[in-house]
Amino acid sequence: MPARHIEFRGVPEEVRKGLDRLRASLELPEGFPTDVDAQAEHLAASPPEFPDHKDMTDVEFVTVDPPDAMDLDQALHIRREGEGYRVRYAIADVGAWVEPGSPVDREAHLRGQTLYAPSAKVPLHPRALSEGAASLLADGVARPAMVWTHLLDAKGEVTATTLERAMVVNRAKLSYEGIQADLDAGNANETVRLLAEVGPLRERIEAERGGISLNLPDQEIVTDGHTWLPVFRELVKVEDWNAQISLLTGIAAADLMISGGVGILRTLPPAEDHAVDRLRRAARTLGVEWPKGQSYPDFVRSLHPSDPREHAVLVKCTMLFRGAGYLAFDGEVPDANLEHSALATPYAHTTAPLRRLVDRFVLEICHALANDLPVPQWAREALDTLPEQMQASGRKAGSYERGVVDLAEALVLSDRVGEIFEAVLIDVYPKNSMGTFQIADPAVEAELKADRRDVGTRIRVRLDKVDLVSGRLTFSHPG
1 MPARHIEFRG VPEEVRKGLD RLRASLELPE GFPTDVDAQA EHLAASPPEF PDHKDMTDVE
61 FVTVDPPDAM DLDQALHIRR EGEGYRVRYA IADVGAWVEP GSPVDREAHL RGQTLYAPSA
121 KVPLHPRALS EGAASLLADG VARPAMVWTH LLDAKGEVTA TTLERAMVVN RAKLSYEGIQ
181 ADLDAGNANE TVRLLAEVGP LRERIEAERG GISLNLPDQE IVTDGHTWLP VFRELVKVED
241 WNAQISLLTG IAAADLMISG GVGILRTLPP AEDHAVDRLR RAARTLGVEW PKGQSYPDFV
301 RSLHPSDPRE HAVLVKCTML FRGAGYLAFD GEVPDANLEH SALATPYAHT TAPLRRLVDR
361 FVLEICHALA NDLPVPQWAR EALDTLPEQM QASGRKAGSY ERGVVDLAEA LVLSDRVGEI
421 FEAVLIDVYP KNSMGTFQIA DPAVEAELKA DRRDVGTRIR VRLDKVDLVS GRLTFSHPG
């Protein structure tokens, strides 16, 4: 079937050709095949019955997402339970909509995950589902969800976890910045107030087990519908706390699957001693103190990107987080690394099924294991191919997002050729002496030849050339 063309509304005309080139180079689809769109639209217009879902429409779930997000996977509700907490995490039940082997399912296997760009997103599922019928929108409509319920004690430790299918209603779509403002003003609702208690408790538990979260600003693109502007944005605390609920759920999913002997984990090999030693030497070279006896995780948590030298060390820390993959098993847990070393615990992707294929299978497997049901055969059969499908889609997603950022950087600098900018040199690759630097305003990251001794210092760079089609920027050191 011929694919339907997508109109990229809001894509600046200057970068449209570059975006077309990028999509073609990555062989990204334009729209969905006709039968896939037709099935999704039929499901949205005539939803199936959900007889196996209990009624949880009285629970006051809320979602916490960026303001423009429409593919809402997770809804949260927290209440006090004795001296501890009852944390409910409702995940969009994509498996209740998508029949194995159907057109929508087959296409999702080809895509693997949603690829993001302003006005040029390549979704995993047709929007009729991912941004409509299956999304946990705050429109008063009851929708099917997989509801994780975690009972926590007063210290935030898990005492019990259940997983059940239920109909839920999202009472409010909240934004990170809005929640932070409400907390600061003392106007937050109960779930948000308790998130501000549970989040720090879970962060402390993460630190105690040796987990690490890199504190690097996000580089993202903001748009007014006519132009793109790259910015560096530091996370507000509520984002970290919300992420802890997702991590809590992913850890619970991994424990269930390991105990049940079937599933798929998200793994990351531990950093090798020589890599940590190299990081220690780099920190010393940059003049960043690493106190004797301080662990690697505690050292990383002490760094802040507002300091150029500490920022450079944080960037070098990312080198220790390479090699992430997926480990599938059925019948016997393999004698291999089961942990995600950055989290210092086994972990699974399970909270974003609208945007990531593997999460739907993890949810189905965990639901069966948690309720003493047979694991669906179609979920077992997919375990042979899911790891490579997710690895391939992850590589493509990274290339797409980096390419779109390159185009945005080229656009914002297109009329500034010849200017000299203040920048911070954050790394130099020793094999070819190519240095990576960041300009704060506008938010641009680029490369030029540099001296390793200058890493972590402020430098001056001159913009010599901009290519709006490739997104390539050419800089030099001013004379």
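Just so you know, the UniProt record's numbering puts 202 at position 202 of the sequence shown, and the rest follows in order with no gaps. Here a beta-carbon is modelled for each residue, glycine too, at the ideal position from N, C-alpha and C.
Pair within 8 Å by beta-carbon distance, residue i and residue j
| i | j | result |
| --- | --- | --- |
| valine 62 | alanine 243 | no |
| arginine 21 | valine 469 | yes |
| tryptophan 148 | threonine 57 | no |
| valine 122 | proline 29 | yes |
| proline 308 | arginine 458 | yes |
| alanine 120 | leucine 19 | yes |
| valine 455 | alanine 312 | yes |
| arginine 106 | leucine 124 | no |
| residue 480 | leucine 174 | The question about residue 480 has no answer here: the residues shown for the chain are numbered 1 through 479. |
| aspartate 93 | leucine 354 | no |
Enclosing beta strand (DSSP E) for residue i [first to last residue]
| i | result |
| --- | --- |
| histidine 77 | 74 to 81 |
| lysine 316 | Segment 308 to 317 is the alpha helix (DSSP H) holding lysine 316; no beta strand (DSSP E) there. |
| phenylalanine 421 | 420 to 429 |
| lysine 173 | 170 to 174 |
| lysine 449 | 444 to 449 |
| serine 213 | First-last for serine 213: undefined, no H or E at that position. |
| valine 62 | 61 to 64 |
| serine 433 | Element bounds for serine 433: n/a, residue is neither H nor E. |
| leucine 473 | 472 to 476 |
| valine 466 | 458 to 467 |
Check: residue i C-beta below 7 Å from any heavy atom of the ligand SAH
| i | result |
| --- | --- |
| histidine 340 | The ligand SAH is not among the ligands present in this structure, which contains no ligands whatsoever. |
Residue i versus residue j - alpha carbon distance
| i | j | result |
| --- | --- | --- |
| glutamate 45 | aspartate 441 | Note on residue identity: the sequence assigns alanine, not glutamate, to residue 45. Distance between the alpha carbons of alanine 45 and aspartate 441 is about 47 Å. |
| glycine 156 | glycine 101 | 41 Å |
| leucine 115 | aspartate 184 | 34 Å |
| arginine 9 | glycine 471 | Its pLDDT being 45, under 50, arginine 9 is placed unreliably by the model, and nothing is read from it. |
| glutamate 197 | arginine 266 | 27 Å |
| leucine 388 | glycine 82 | Correcting the residue identity first, residue 388 is glutamate in this sequence and not leucine. Each residue's alpha carbon lies about 45 Å from the other. |
| arginine 280 | arginine 16 | 44 Å |
| alanine 368 | leucine 256 | 10 Å |
| alanine 90 | tryptophan 378 | 23 Å |
| valine 236 | histidine 42 | 40 Å |
| arginine 86 | methionine 146 | 16 Å |
| isoleucine 6 | arginine 23 | Unreliable positioning characterises isoleucine 6 in this predicted model, as indicated by a pLDDT of 34, which lies under 50. The coordinate reading is nonetheless provided below. Each residue's Cα considered, the two are about 12 Å apart. |
| threonine 474 | lysine 465 | 5 Å |
| proline 334 | arginine 380 | 16 Å |
| alanine 252 | tryptophan 290 | 34 Å |
| glycine 260 | leucine 383 | 15 Å |
| cysteine 317 | valine 169 | 41 Å |
| glycine 287 | phenylalanine 232 | 25 Å |
Limits of the alpha helix (DSSP H) - the one that residue i falls within
| i | result |
| --- | --- |
| leucine 229 | Segment 228 to 233 is the beta strand (DSSP E) holding leucine 229; no alpha helix (DSSP H) there. |
| alanine 410 | 386 to 412 |
| glutamate 191 | Rather than glutamate, the amino acid found at residue 191 in this sequence is threonine. Note, threonine 191: alpha helix (DSSP H), 190 to 209. |
| threonine 34 | 34 to 45 |
| glycine 18 | 13 to 25 |
Below-8 Å beta-carbon distance, residue i vs any chain D residue
| i | result |
| --- | --- |
| proline 270 | The question asks about chain D, but that chain is absent: this structure has only one protein chain. |
For the stretch 245 to 306, which segments carrying the alpha helix (DSSP H) assignment without a break, of at least 4 residues, lie completely within its bounds, in sequence order? 273 to 285 and 296 to 302
Which parts of the stretch 72 to 152 are runs of the alpha helix (DSSP H), unbroken and 4 residues or longer, counting only runs that do not cross its ends? 103 to 111
Are the stretch 162 to 182 and the stretch 379 to 394 touching, with three or more C-beta to C-beta distances below 8 Å? no
Is it true that the stretch 30 to 41 meets the stretch 121 to 130, where meeting means three or more beta-carbon pairs spaced less than 8 Å apart? yes
Taking 8 Å as the cut-off, does the stretch 295 to 312 touch the stretch 211 to 218 (at least 3 CB pairs, one atom from each stretch)? yes
Count the C-beta pairs between the stretch 223 to 241 and the stretch 400 to 411 that are closer than 8 Å, then say yes if the count reaches three, no if not. yes
Quick test of the definition: if touching needs 3 or more C-beta pairs under 8 Å, does the stretch 343 to 361 touch the stretch 260 to 274? yes
Alpha helix (DSSP H) runs wholly inside the stretch 323 to 394, at least 4 long, in chain order: 357 to 370 and 377 to 382
Answer yes if the stretch 133 to 143 comes into contact with the stretch 62 to 73, meaning at least three C-beta pairs across the two stretches below 8 Å, and no otherwise. yes
So, do the stretch 434 to 449 and the stretch 417 to 426 have three or more beta carbon pairs nearer to each other than 8 Å? yes
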